[in-house]
Structure formats: structure tokens, C-alpha cells
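S.K.:
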């Protein structure tokens, strides 16, 4: 079988045509296949650039294998054993094989949930946007072909993402309608955007009045800052996003199945003040040094959500609990290394009972190759750090390796992946989308995500042991012993006990 790394774009295209010979692409699909979003066909500012080489200025891009985790051996082995116990009879999805139209599994609902908990011990929820229809997998670019300068954009909106601002506006507008919510904790609306000088924030076309009297009182009871349920919030976000001309719809992916009719909250009910911590990682990339790929409002997204977290949800601003990465010369830059190190540090420091919030706002992409399996016939989703031209992209598999897999059981993680130009979601086992959901739907429910692959992440898990400090030390010692043995050093041989390698768990 020919690796797709050596398959030409023409060959990949012909393969896709053969598999879908009876179907015709719609206009939106054809535009997306050209790596331009359905709404950007009339944009004169978008040009196709030369593809980036794998090295830039003699500097190699960072591969996933170069990112190591230094987890305590006891924790690592316990995790590996848990995954090993649940690594058989894994479901297959169209992420494993594009020909599959649905998830193929013989598991019961409980068995599926147990596997989810084994692979991702913490409770993870990701909120993002997705297109109503994507182009064919075989027409996606490889990591070397992808270029953010020619990637998809919304019509006339070269800002940051839409999800952050649509979420905030939906919450604020709802509380305006209610007028006031009784709460033992009072939040002054004048402080909701205290870091901004203007009377209003205009971000991605959404305008918020920070002097709105309807926010003199917001409820923090039970960790919720709104009366909206998850389902209601996403439906309101959908209206806001479409009202601004965005083609995406909001969706949720999660590592566990939860009730969408519960009130939206970033803090779990079992959170104990003074015992547990609220931790934040905010990443905003405007790509100011990358010509023709700049965004305008990603820094505003970070500022807006930061004020919401601090003033409404009570997240602390202390450097040990809140990390901000922005390419604004004032904060630490959101480079590949800084982002992955922040992921690792957040997973390491978070403890059971903690509430964690992660925001990424910037460019994202889908690419037709994989760092863990060169024969895979599917795609990777990825985030673009500020130095992606030099260091490369951050794939979803690397996010799993550095953030999701190491996160401890009992931690509640909420992420907003705000890549509105490309519809990157970072798929997890369960999904609910507003794409086909009606506002009057009485019982919205999460379902199995046909775009999540246990098999892909199992391959990542196998690399965790191989890249661990223990294993690297063992390999170094083993290599040194081999040298000693080959040199025939009998004294050394007699003084060193036999080196036993740890048995593989998977």
C-alpha cells in the first residue's frame, strides 16, 4: 500500500473520485476542496501561496516524538494499565476509515463509557464551531501542503473566532431579558470589562456594553453564571453567529455523556472553595509576524473571556493559576513550545476537584496525514501556534498526549477551540451539534461521535511509555552497557546486575 506521504495530490483526488463517483460536490464543497471556505469565494484578498517546506531557515519543525512527558512512573503505569484493560474491541468510526458512515461497535453504552474514562480520566468538554458540510477527506492538504495564508476565511471577517463572543453575548443578552438574578454574590457590571479603556468592546462584530445595568447582579450559585442550559446556550450562540454571517454552528464534544438540559457552568457542583482550585490557560494568536495570515481580534477574545472568568466565575488571576499566551509583546508568546509546555504544566498541576478552563483562539486546520500512522487514511485536526512556520502545527494527538491523557480523574476541564475559519473541533467520544437540532427540541441528547477514533489515541498512548523519562534513562543505560559488553570489560560486567526492561502494558 502506497503511503499517502508519497501519494500525489492527483492520486488522492482520483481515489476520492472513485469512492464517490455517484455523488457530485455542491458549490460549497468545491470551494472548500480548494481550501477556501464556502463563504469566501468572492474574497479578493485570499491567494494560494507556495506550500511550506518541512524546514524553515535550516530549523526543523517540532515533531510529536520530540515532546516528552515527565510523569511520575507510578501514575504513568497506572494509566497505561487502565488503558490496556480497555484496549480490546475498540469501536471503528469514519475517522478510522472514511468509507464508514457511522460508528461500528458491539459495545453497550456502559462499556463505551468505561473505555472513554480509561483513555481520558478527567471530565473534558470542548465547545467549538463546525461547518454544515466539509469537503472530502482525500482532498485535504498534507501538513507540508497546508498554508494558513490560503486557508478558509469568513466573508469580510478577518477577526478571531466567533464562538467566544457569541457565547458571551448570548449569556449577557439572556440576563438582560431576565433583568436581574438574585444571588448572595454580587458582581458590578462596570468591572466586567475592567481591562478595557473603551465604553464597549467590538470583537468579531459583536458589541458589548459594559455599563449595562442588567449585569449589576449575576448569580454564581452552584458555579453557574447564567440561567441558560447548555442546549439553550448553544442555540442562542447559533443565532448570534449566523446573524454575523458566519457559516459555522456551535457544537460540543465531550469525554463523557452529560445532561444538556443542566445549567451551563464552568465549575462542578462538588467544587470546594479553599480546597480545590480554578485554573486557566488562555491562548490568543493574531500572527502579527506572518504576512497575509494575521487575525485582528484573538487578543480581544482572550481579554473578554478573562474578564468573564475572573469577575463572574471567580477564577483567580494569580500567575500560578492563570497562564496567558499572546503574541502582543506583553505576554509570553504562544509558540509551539510554550503552548505544549503550558498543556503539560496544567495537566501536572491540576488535582481532583479542580475546575480548568482552556481557550485557544487563532488558526486551525485539517490535514491529510498523521504523525502516528503514515498509512492512515484519515485526517488530523490541529492548532496553529504563532511560530507554526518554523516549529509546525499542534495536532489533536499531541493535545491528547500533553493535556487530555495526563489530566487526573476528578478534574473538570472546559475548552473553547475558537478556530472559526476552519471549523476545527478536536473531536472527543460524545457529540452534540446545533447543525440539525431544532430550538424547540425538548430533550437534546449527546450521541456517539462518528469522528472520534479510539484507535488513533491508543497509538498515542503507546508512545507515552516510550517517551517517558524512565524509558529514556533505561535506553541510555542499556546503550552504555552494550558498549561495555562489546568492549569485553569483564570487571564492569561482573559489577553490574542484569538490566530488566519493563514489560509492555499494551
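In our numbering, the protein residues as written are 118 to 623. Virtual Cβ for every residue (Gly too), placed ideally from N, Cα, C.
Within 10 angstroms of the Cβ of residue 192, are there 16 or more other Cβ atoms? Answer buried if so, exposed if not.
M.R.: exposed
S.K.: When you compare each of 514, 523, 432 to residue 465 by their alpha carbons, which one comes out closest?
M.R.: 523
S.K.: Taking three-plus beta-carbon pairs below 8 Å as touching, is the segment 210 to 217 in contact with the segment 240 to 248?
M.R.: no
S.K.: For the candidate residues 354, 515, 419, whose alpha-carbon lies nearest to that of residue 576?
M.R.: Of 354, 515, 419, the residue nearest in Cα terms is 515.
S.K.: What did DSSP end up calling residue 368 once you bin it into helix, strand or coil?
M.R.: strand
S.K.: What do you reckon, are the CB atoms on residue 198 and residue 279 nearer than 8 Å?
M.R.: no
S.K.: Rounded to whole angstroms, what is the Cα-Cα separation between residue 502 and residue 456?
M.R.: Note on geometry: alpha-carbon atoms of residue 502 and residue 456 lie some 8 Å from one another.
S.K.: What is the DSSP secondary structure of residue 534, counted as helix, strand or coil?
M.R.: strand
S.K.: Check residue 262 in the structure and name its three-state DSSP category.
M.R.: coil
S.K.: Is the beta carbon of residue 432 less than 8 Å from the beta carbon of residue 237?
M.R.: One thing to note: residue 432 has its Cβ no nearer than 8 Å to the Cβ of residue 237.
S.K.: Is it buried or exposed for residue 427, if we count other Cβ within 10 angstroms and need 16 for buried?
M.R.: buried
S.K.: Over the uninterrupted alpha helix (DSSP H) stretch that includes residue 234, give me the two end residues.
M.R.: 226 to 236
S.K.: For residue 190, report the span of its alpha helix (DSSP H) as first-last.
M.R.: 190 to 202
S.K.: With a 10 Å radius around its C-beta and 16 neighbouring C-beta atoms as the bar for buried, classify residue 461 as buried or exposed.
M.R.: buried
S.K.: Count the other CB atoms, across all protein chains shown, that sit within 10 Å of the CB of residue 499; report buried if there are 16 or more and exposed otherwise.
M.R.: Classification of residue 499: buried, given that the 10 Å Cβ count is 16 or more.
S.K.: Ignoring anything shorter than 4 residues or poking outside the segment 345 to 400, list the alpha helix (DSSP H) runs there in chain order.
M.R.: 347 to 360
S.K.: Regarding residue 220 and the ligand ZN, is the C-beta to nearest heavy atom distance less than 7 Å?
M.R.: In the structure on display, the ligand ZN does not appear, and there are no ligands present to speak of.
S.K.: Within its chain, find whatever has a CB closer than 6 Å to the CB of residue 440; leave out the 5 residues flanking it on each side and keep chain order.
M.R.: 398, 459
S.K.: State the CB to CB distance for the pair residue 351 and residue 380, rounded to an integer number of angstroms; the pair is presumed to be in contact (CB under 8 Å).
M.R.: In fact, because the Cβ distance is near 13 Å, the residues do not count as touching under 8 Å.
S.K.: Which same chain residues end up closer than 7 Å to residue 72 when comparing Cβ atoms and leaving out the 5 residues on each side of it in sequence?
M.R.: Because the chain spans 118 through 623 in this model, residue 72 falls outside it and cannot be assessed.
S.K.: Flag this pair as touching only if the segment 383 to 401 and the segment 469 to 483 have three or more C-beta atom pairs under 8 Å; answer yes or no.
M.R.: Three or more pairs of CB atoms, one per stretch, sit closer than 8 Å, so the segment 383 to 401 contacts the segment 469 to 483.
S.K.: Would you tell me roughly how many angstroms separate the C-alpha atoms of residue 578 and residue 200, rounded to the nearest one?
M.R.: In this model, residue 578 and residue 200 are separated by some 8 Å (Cα to Cα).
S.K.: Mind checking which residues open and close the beta strand (DSSP E) that includes residue 420?
M.R.: First-last for residue 420: 415 to 428, but that is the alpha helix (DSSP H), not the beta strand (DSSP E).
S.K.: Candidates 560, 512, 518, 429: which alpha carbon is nearest residue 541's?
M.R.: 512 is the residue among 560, 512, 518, 429 whose C-alpha sits nearest the C-alpha of residue 541.
S.K.: For residue 117, which option in 507, 442, 378 has the closest C-alpha, if you only look at C-alpha atoms?
M.R.: Absent from the model: residue 117. The displayed extent of the chain is 118 to 623, so no value can be given.
S.K.: For a test of the three-state rule: what should DSSP assign to residue 402, helix, strand or coil?
M.R.: coil
S.K.: For residue 552, collect the residues of the same chain with a Cβ closer than 8 Å to its Cβ; drop the 5 residues on either side in sequence, then sort them by chain order.
M.R.: 247, 249, 366, 368
S.K.: So, is residue 225 buried or exposed, given that buried needs 16 or more other C-beta atoms within 10 angstroms?
M.R.: exposed
S.K.: Excluding five sequence neighbours on each side, which residues of the same chain lie with their C-beta closer than 7 Å to the C-beta of residue 470?
M.R.: 387, 388, 389, 392, 393, 527
S.K.: Taking the C-alpha atoms as reference points, what is the distance between residue 189 and residue 292?
M.R.: Going from the Cα of residue 189 to the Cα of residue 292 covers about 45 Å.
S.K.: Where do the N-terminal and C-terminal ends of the alpha helix (DSSP H) with residue 473 fall, by residue?
M.R.: That residue, residue 473, is in no alpha helix (DSSP H); its beta strand (DSSP E) goes 472 to 478.
S.K.: Quick one: using the 10 Å Cβ neighbour count with 16 as the cut-off for buried, is residue 436 buried or exposed?
M.R.: exposed
S.K.: Taking only the alpha-carbon atoms, compute the straight-line gap between residue 560 and residue 178 and give it to the nearest angstrom.
M.R.: 47 Å
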